[in-house]
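I have placed the structure first, in the form of structure tokens, so that the comments after it can refer back to it.
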Amino acid sequence: MTEKIILKSKIREVMGKKIKVHRKAGLIPAVLYGNKITSRPLWVNYSDFEKSYDQAGESTILELDIDGKNKANVLIHDVQIDPLSEKFSHIDFFQVRMDQKIETEIPLEFIGESEAVKALGGVLVKSIDAIPINCLPADLPAKIEVDTGALKTFDDVIKISDLNISDKVKILVDTETVVANVAPPRSEEELAKLEEKVEEDVAAIEGVAEKAPVEEVASKEEEAVAVEKKE
1 MTEKIILKSK IREVMGKKIK VHRKAGLIPA VLYGNKITSR PLWVNYSDFE
51 KSYDQAGEST ILELDIDGKN KANVLIHDVQ IDPLSEKFSH IDFFQVRMDQ
101 KIETEIPLEF IGESEAVKAL GGVLVKSIDA IPINCLPADL PAKIEVDTGA
151 LKTFDDVIKI SDLNISDKVK ILVDTETVVA NVAPPRSEEE LAKLEEKVEE
201 DVAAIEGVAE KAPVEEVASK EEEAVAVEKK E
């Protein structure tokens, strides 16, 4: 059984520009909301959240301890990143009811080594990186593993139906959807044609770039002649 992830938080009374001071002190502003509950602004410690996020991601239930008095089962619903510092700047926590099913996407983790890649020089093609599901919060998997070791030839494919997923989890897409396969390496002839195509495209672009100024000059000369004739 997966160990419960507990994240401490406290009620936030500071709003607006004053938040910057607390961010510098190592706190992240957050908000807790959910169905039929009053939204609450919170603070969480930066390093504590960083560790919890590494463990839980956005698909694992964690327990939010609020001021040591109240507890809430939540999902990390949204995380905002400061574009300059690339640090967490705000968090949205969604409170879930353990007796109500939820819909979310579970990330795929590709493990193992494909024989078609290792021995035959193929290229691993990952068609999807997450699967939408519906289940009770207690049955929510943190991730779904995809063992690429099953891909031994270029004809092999891994479908959603091939994955080890609990029957308590309802898949919300066609289970025959291909998750991964291995594409054969390009032949020397294909690579030569690809290189030739790139050279043709570059030449076409350069031709347009060279032609445009000439046409522009000619147009201006025609305009000047027309003006002279009017005068």
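First residue of the sequence shown? That's 1 in the working numbering, and the numbers climb one at a time after it. Ideal Cβ placement from N, Cα and C applies to all residues, glycine included. Note that the coordinates shown come from a computational prediction; the quantities given were computed from them, not determined experimentally.
Item: Short of 7 Å in beta carbon distance, which residues of its chain neighbour Ala-72, apart from the five on each side in sequence? Order them along the chain.; Value: Leu-32, Leu-64, Ile-66, Gln-95
Item: Measuring CB to CB, does Lys-152 end up less than 7 Å from Ala-183?; Value: no
Item: Does DSSP put Glu-115 in a helix, in a strand, or in coil?; Value: helix
Item: Are the region 27 to 45 and the region 55 to 63 in contact at 8 Å, needing three or more beta carbon pairs?; Value: no
Item: Counting beta carbon pairs with one atom in the region 23 to 31 and one in the region 77 to 94, are three or more of them shorter than 8 Å?; Value: yes
Item: I need the boundaries of the beta strand (DSSP E) containing Val-44, first residue and last residue.; Value: 40 to 45
Item: Where are the beta strand (DSSP E) runs, 3 residues long or more, that stay fully inside the region 89 to 158, in chain order?; Value: 102 to 111, 123 to 126, 130 to 135, 144 to 147
Item: Give a yes or no on whether the C-beta atoms belonging to Ile-133 and Ile-111 are separated by under 7 Å.; Value: no
Item: Can you list, in chain order, the residues of its chain with a C-beta nearer than 7 Å to that of Arg-12? Leave out the 5 residues immediately preceding and following it.; Value: Pro-29, Pro-41, Leu-42, Trp-43
Item: Helix, strand or coil, according to DSSP, for Gly-34 in the structure here?; Value: strand
Item: Ignore the nearest five residues each way along the sequence and tell me which others in Gln-55's own chain have a CB closer than 6 Å to its CB.; Value: Ile-5
Item: Alpha carbon to alpha carbon, how far is Lys-20 from Asn-70?; Value: 26 Å
Item: For the beta strand (DSSP E) containing Val-14, list its first residue and its last residue.; Value: Neither: Val-14 is in no beta strand (DSSP E) and is coded neither H nor E.
Item: Counting only the same chain and skipping the five closest in sequence on each side, list residues whose C-beta sits under 8 Å from that of Glu-109.; Value: Lys-143, Ile-144, Glu-145, Val-146
Item: Across which residues does DSSP place Asp-78 in a beta bridge pair?; Value: Asp-92
Item: Using a Cβ-Cβ cutoff of less than 6 Å, which residues in the same chain neighbour Lys-10 once the five nearest sequence positions on both sides are dropped?; Value: Trp-43, Asp-67
Item: Helix, strand or coil for Val-227? Go by DSSP, reduced to three states.; Value: Note that Val-227 has pLDDT 43, beneath the 50 cutoff, so the model's placement of it is unreliable and the number below is only indicative. The answer is helix: DSSP assigns Val-227 an H, G or I state.
Item: Just reading off the beta strand (DSSP E) that Glu-66 is part of, what are its end residues?; Value: The identity of residue 66 in the sequence shown is Ile, whereas the question assumes Glu. Taken as a continuous stretch (DSSP letters only), the beta strand (DSSP E) holding Ile-66 covers 62 to 66.
Item: So Ser-52 packs on Gly-26, CB below 8 Å; how close in whole Å?; Value: Not a contact, Cβ separation roughly 15 Å.
Item: Measure the Cβ-Cβ separation of Ser-127 and Val-178 and say whether it is below 7 Å.; Value: yes
Item: State buried or exposed for Val-74, treating a residue as buried only when at least 16 other CB atoms are found within 10 Å of its CB.; Value: buried
Item: Compare the Cα-Cα distances from Ser-85 to each of Ala-138, Glu-3, Lys-24 and report the closest residue.; Value: Lys-24
Item: Hey, would you say the C-beta of Ile-158 is under 6 Å away from at least one heavy atom of the ligand PLP?; Value: By its list of ligands, the structure shown contains no ligand whatsoever, and the ligand PLP lies outside what it can speak to.
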